[in-house]
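Numbering (full-length UniProt numbering), first residue to last: 1 to 773.
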């Protein structure tokens with residue numbers, strides 16, 4: 001039997017489909033779809049979707065990425081019914097449309113219609129080609145590739161984001177925001193029809209230039225929608241009444257430095273942030289208005305955080321990004337600067353938790369030295385005995401240094417670092433007492449976040465830059481300590497009954513000024529927001545007369561006014577801050593710092609205060625200014641109340657509490673130690689006291705008025721420090737002088753009040769205040 005063979009032609013026709021599929025597969029691998037861009041366009045948007053700043057691609061194009069769900073159904077209806085009714089059914093190419101377009105082109109001898117489907121239009125957008133026969137084949141190939149690799153929804157999404165809308169705009173999202181100032185999800189029928197037709201001739205139909213052309217094209221789409229019974233006749237007639245008249249295009253121009261910062265945090269094409277676009281616009285307008293009032297080359301930074309959620313709602317990195325003379329391109333919210341005194345609330349709150357102090361603790365605003373470190377006060381001069389509350393409100397330096405020394409600088413720095421506030425020290429340096437006065441660098445963003453502890457029951461939250469960011473927080477201090485410090489900063493240090501205590505805390509604030517007037521700070525905590533303000537020169541040059549209260553607080557108040565609720569109903573919804581159970585009221589006595597019964601001779605002054613966990617720590621002393629016995633020491637008295645030796649008959653012991661020795665110059669004469677001590681008995685005198693002789697300042701009396709001699713430009717004042725022990729340390733208006741001798745001579749060029757203070761090695765001080773005319 002003869003074998004039967006298939007003809008060669010049959011082998012060819014049987015293998016041709018396989019060969020074609022193999023060629024298509026290879027072609028798809030060799031010429032893949034150009035879906036990925038090396039440097040795609042990106043946009044940063046506010047939480048409500050408002051574009052803040054756009055970053056164009058390599059060709060200068062910018063887009064606002066959207067999904068199908070983020071576009072109005074009206075626009076999708078107008079687009080598909082007008083451009084490609086069979087989009088959901090055809091395989092990427094509609095043969096009837098292609099045939100009709102070819103017949104029209106042949107009859108007219110020119111291109112009348114391209115017959116392009118939406119898929120083919122996307123193909124041309126992804127891979128531009130010439131309008132030739134070869135280019136058309138290339139377009140068809142790309143369209144088939146799109147249908148092969150992507151779903152219909154993905155192809156439509158590509159069109160929504162790549163369709164041209166004139167100039168450098170691509171995508172319906174960008175067009176809606178730029179032309180109409182609204183989200184593409186909120187389009188009216190007329191607006192949907194307009195945006196559906198614009199990509200046909202984006203330059204010729206630009207509504208901000210050729211409004212009549214754009215309106216005619218829009219009405220053509222509206223007619224089509226009625227003819228195809230997609231929209232009702234009444235809806236279309238109402239839409240025709242809307243004129244097409246648009247203001248010039250408004251590109252996103254908000255939060256440029258914040259947007260640049262977010263580029264490094266998120267690689268998405270559309271970066272959704274927590275910013276409030278309306279508030280951001282107000283803050284930038286405020287900064288522009290303040291620009292002319294700032295010193296030359298000075299800038300400004302503002303950050304606003306909702307402490308109930310830790311979302312960043314406003315961020316102004318510089319006063320004007322376009323002003324190079326003010327270093328406008330430098331984001332000062334993220335710059336490391338000396339924080340001045342804005343860290344003081346933290347050390348007081350932590351010391352409360354450690355049981356070192358309470359709000360009415362007696363602190364010593366007196367000169368001191370630790371090696372070569374001799375801190376002074378910003379307002380010049382010293383104030384003697386002050387409470388912790390007063391020291392915080394007046395931002396006194398010496399009391400803060402005293403508390404930091406007791407708490408520990410290293411422990412303080414580590415605690416702040418643990419909650420997200422790292423302090424930047426010079427290379428090789430370790431935390432020291434200068435930390436609390438701005439001796440280390442910090443960022444406005446980190447400091448503002450750390451202040452959330454005072455509004456979040458002692459927990460410091462991390463800033464949330466995007467809605468999807470988790471809320472992270474760490475314990476910084478107890479709820480009671482945070483509550484007390486916040487009330488002090490809000491001007492409510494005086495304890496009140498709960499019925500009289502406001503449950504909604506007013507603005508609590510703290511200022512800071514770095515050494516040499518380089519940085520001025522103000523941090524405020526309102527019922528809902530934390531406001532951080534910095535002003536100064538980004539290059540670190542000192543600005544004479546610039547300090548926190550004068551430069552930053554006015555800005556803080558203006559920002560707080562912007563954030564105030566506009567209605568009584570809104571005020572009623574503000575977060576409340578009730579007194580924690582761990583906080584109670586009490587009355588304590590100075591100088592001991594604890595409660596004493598009525599009539600006790602050791603209670604020299606009574607102060608009402610808040611207490612944390614009912615703790616009454618005794619007065620905090622400084623080791624380098626006190627002897628071993630401190631301020632509590634026994635005396636022995638005879639029946640007549642005279643001081644006697646412990647070995648004397650009928651001697652009875654009694655504890656006497658005296659003021660710390662360095663405070664003597666600020667005390668009334670009757671409160672000083674020698675005046676307080678009972679007289680010594682003649683028949684059995686007490687043992688000799690080995691205390692150093694008192695330090696006396698002579699050469700000028702307290703309250704004196706010094707007048708310059710006629711014709712003299714200076715007033716010369718010779719002074720002498722008698723008594724005491726060791727070297728002398730001189731301070732004029734709180735500033736240390738380069739003298740350590742007993743005899744000095746001061747020259748005064750300027751008239752005004754002066755405070756002169758001298759301190760010896762034993763910590764004794766003598767002070768005098770006078771006026772030079």
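Cβ coordinates follow ideal geometry from the N, Cα and C atoms, glycine included. Small disclaimer: the values here were computed from a predicted structure and weren't measured.
- Item | Counted within 10 angstroms of its Cβ, other Cβ atoms place residue 307 as buried (16 or more) or exposed | As a position in the chain shown, residue 307 is number 307, starting the count at 1. Per the 10 Å Cβ criterion, buried.
- Message: Taking DSSP's pairing of strands, which residues face residue 652 in a bridge?
- Response: As a working mapping, residue 652 is identified with position 652 in the chain shown. When beta bridges are read from the DSSP output, residue 652 appears opposite 637.
- Check residue 666 in the structure and name its three-state DSSP category. In the chain shown, residue 666 corresponds to position 666, counting from 1. In the three-state scheme derived from DSSP, where H, G and I count as helix and E and B as strand, residue 666 is classed as helix.
- Message: Given this structure, state the Cα-to-Cα distance separating residue 628 from residue 762, to the nearest angstrom.
- Response: For the purposes of this step, residue 628 is taken as the residue at position 628 of the chain shown. For the purposes of this step, residue 762 is taken as the residue at position 762 of the chain shown. Residue confidence is low: residue 628 scores 45 on pLDDT, short of 50, so the model does not pin down where it sits. Its coordinate-derived value is still stated next. Separation of residue 628 and residue 762 (C-alpha to C-alpha, rounded to the nearest whole angstrom) is 12 Å.
- Item | Backbone CA spacing between residue 305 and residue 447 [nearest angstrom] | Here residue 305 refers to the residue found at position 305 when the chain shown is read from its first residue. Here residue 447 refers to the residue found at position 447 when the chain shown is read from its first residue. Roughly 12 Å separates the two Cα atoms.
- Based on the DSSP output, what are the partners of residue 657 in its beta bridges? Start at 1 with the first residue of the chain shown, and residue 657 comes out as number 657. DSSP output for residue 657 lists 632 as bridge partner(s).
- Leaving out the 5 sequence neighbours to the left and right, which residues in its chain are closer than 7 Å to residue 642 when beta-carbon positions are compared? As a working note, residue 642 is residue 642 in the chain shown. The answer, listed in chain order, is 678, 679, 680, 681.
- Task: Apply the 10 Å Cβ neighbour rule to residue 227 and answer buried if 16 or more other Cβ atoms are within range, or exposed otherwise.
- Result: Residue mapping note: residue 227 aligns to position 227 of the chain shown, counting from 1. So residue 227 ends up on the exposed side.
- Query: Do you know how far the Cα of residue 407 is from the Cα of residue 401?
  - Reply: As a first step, residue 401 is located in the chain shown; it is residue number 401 there, counting from the start. As a first step, residue 407 is located in the chain shown; it is residue number 407 there, counting from the start. Those two C-alpha atoms are separated by around 10 Å.
- Got a sec? Which residues, its chain only, sit under 7 Å from residue 262 by beta carbon, not counting five neighbours each side? In the chain shown, counting from the first residue as 1, residue 262 sits at position 262. Answer for residue 262: 44, 271, 273, 465, listed in chain order.
- Look at the Cβ atom of residue 63, then the Cβ atom of residue 194, and state whether they are nearer than 9 Å. Here the question's residue 63 lines up with position 63 in the chain shown. Here the question's residue 194 lines up with position 194 in the chain shown. It is not a contact, given that the beta carbons lie outside the stated cut-off.
- Message: At the level of alpha carbons, what is the spacing between residue 488 and residue 573?
- Response: Numbered from its first residue, the chain shown carries residue 488 at position 488. Numbered from its first residue, the chain shown carries residue 573 at position 573. Here the alpha carbons of residue 573 and residue 488 stand approximately 23 Å from one another.
- Would you call the segment 499-514 and the segment 349-359 in contact, with 3 or more CB pairs under 8 Å? Short answer: they don't touch.
- Message: Which same chain residues end up closer than 7 Å to residue 724 when comparing Cβ atoms and leaving out the 5 residues on each side of it in sequence?
- Response: Your numbering for residue 724 matches position 724 in the chain shown. Excluding residues within five positions, the ones whose Cβ falls inside 7 Å are 692, 693, 695, 760, 762, 764.
- Message: Rounding to the nearest angstrom, what Cα-Cα distance links residue 661 and residue 603 in this structure?
- Response: The count along the chain shown starts at 1 and reaches residue 661 at position 661. The count along the chain shown starts at 1 and reaches residue 603 at position 603. Across the structure, residue 661 and residue 603 are spaced so that their CA atoms are roughly 17 Å apart.
- Give every residue of the same chain whose Cβ lies closer than 7 Å to the Cβ of residue 420, excluding the five residues on either side of it in the sequence, and list them in chain order. Within the chain shown, numbered from 1, the residue matching residue 420 stands at position 420. Take residue 420, set aside five residues on each side of it, and the residues of its chain with a beta-carbon closer than 7 Å to its own are 446, 449, 450, 460, 462, in chain order.
- Query: residue 591 to residue 405, Cα distance in whole Å?
  - Reply: Along the chain shown, read from residue 1 onward, the residue named residue 591 stands at position 591. Along the chain shown, read from residue 1 onward, the residue named residue 405 stands at position 405. Spanning the alpha carbons of residue 591 and residue 405 requires a straight line of approximately 20 Å.
- Query: Cα-Cα, which of 340, 577, 523 is closest to residue 553?
  - Reply: Working through the chain shown from its first residue, we reach residue 553 at position 553. That would be 523, whose Cα lies nearest to the Cα of residue 553.
- Residues near residue 472 by beta carbon distance below 6 Å, same chain, minus five either side: Position 472 of the chain shown, counting from 1, holds the residue named residue 472. Annotation for residue 472: 462 place their beta carbon closer than 6 Å to its own, counting only its chain and skipping 5 residues before and after.
- Three-state secondary structure (DSSP) of residue 643: Sequence index remark: in the chain shown, residue 643 carries index 643 (1-based). Residue 643 falls in the strand class under three-state DSSP.
- Verify whether the separation of the beta carbon atoms of residue 46 and residue 58 is less than 9 Å. On the chain shown, position 46 is the one that residue 46 refers to. On the chain shown, position 58 is the one that residue 58 refers to. Not a contact, by the Cβ cut-off of 9 Å.
- Item | residue 37 - containing beta strand (DSSP E), residue span | Along the chain shown, read from residue 1 onward, the residue named residue 37 stands at position 37. Note, residue 37: premise wrong, no beta strand (DSSP E); not H, not E.
- residue 198 and residue 207 closer than 9 Å at C-beta: Locating residue 198 in the chain shown gives position 198, counting from the first residue. Locating residue 207 in the chain shown gives position 207, counting from the first residue. Against a cut-off of 9 Å, the Cβ pair of residue 207 and residue 198 comes out as a contact.
- Query: What did DSSP end up calling residue 301 once you bin it into helix, strand or coil?
  - Reply: Within the chain shown, the letter at position 301 stands for residue 301. In this structure, residue 301 counts as strand in the three-state DSSP scheme.
- Of the choices 159, 750, 637, 149, whose alpha-carbon is the least far from that of residue 708? Along the chain shown, one-based indexing puts residue 708 at 708. Minimum Cα distance to residue 708 is reached at 750.
- Task: Tell me whether residue 680 sits in a helix, a strand or coil according to DSSP, three-state version.
- Result: Numbered from its first residue, the chain shown carries residue 680 at position 680. The three-state secondary structure of residue 680, taken from DSSP, is strand.
- Alpha-carbon spacing of residue 519 relative to residue 322, whole angstroms: Numbered from 1 along the chain shown, position 519 holds the residue referred to as residue 519. Numbered from 1 along the chain shown, position 322 holds the residue referred to as residue 322. In this structure, the alpha-carbon of residue 519 lies about 22 Å from that of residue 322.
- Quick one: Cα of residue 585 to Cα of residue 395, how far? Position 585 of the chain shown, counting from 1, holds the residue named residue 585. Position 395 of the chain shown, counting from 1, holds the residue named residue 395. Rounded to whole angstroms, the gap between the alpha carbons of residue 585 and residue 395 is 24 Å.
- Flag this pair as touching only if the segment 273-289 and the segment 72-82 have three or more C-beta atom pairs under 8 Å; answer yes or no. Too few Cβ pairs lie closer than 8 Å, so no.
- Item | With 16 other Cβ atoms within 10 Å as the buried cut-off, status of residue 756 | As a working mapping, residue 756 is identified with position 756 in the chain shown. When all chains shown are included, residue 756 counts as buried.
- Item | Separation of residue 637 from residue 655, as counted between CA atoms | Sequence index remark: in the chain shown, residue 655 carries index 655 (1-based). Sequence index remark: in the chain shown, residue 637 carries index 637 (1-based). Approximately 11 Å between the Cα atoms of the pair.
- Task: Report the option in 267, 89, 191 whose CA atom is closest to the CA atom of residue 151.
- Result: Residue mapping note: residue 151 aligns to position 151 of the chain shown, counting from 1. Ranking the options by Cα distance to residue 151, first place goes to 89.
- Message: Check whether the segment 546-562 and the segment 322-338 touch, using three or more Cβ-Cβ pairs below 8 Å as the test.
- Response: Taking 8 Å as the limit for Cβ pairs, the verdict is that the segment 322-338 does not touch the segment 546-562.
- contact_flag[the segment 250-266, the segment 326-337] where n(CB pairs < 8 Å) is 3 or more: Yes, the segment 250-266 is in contact with the segment 326-337.
- Task: Decide if residue 758 is buried, meaning its Cβ has at least 16 other Cβ atoms within 10 Å, or exposed.
- Result: Here residue 758 is taken as the residue at index 758 of the chain shown, counted from 1. Buried, because 16 or more other Cβ atoms sit within 10 Å of the Cβ of residue 758.
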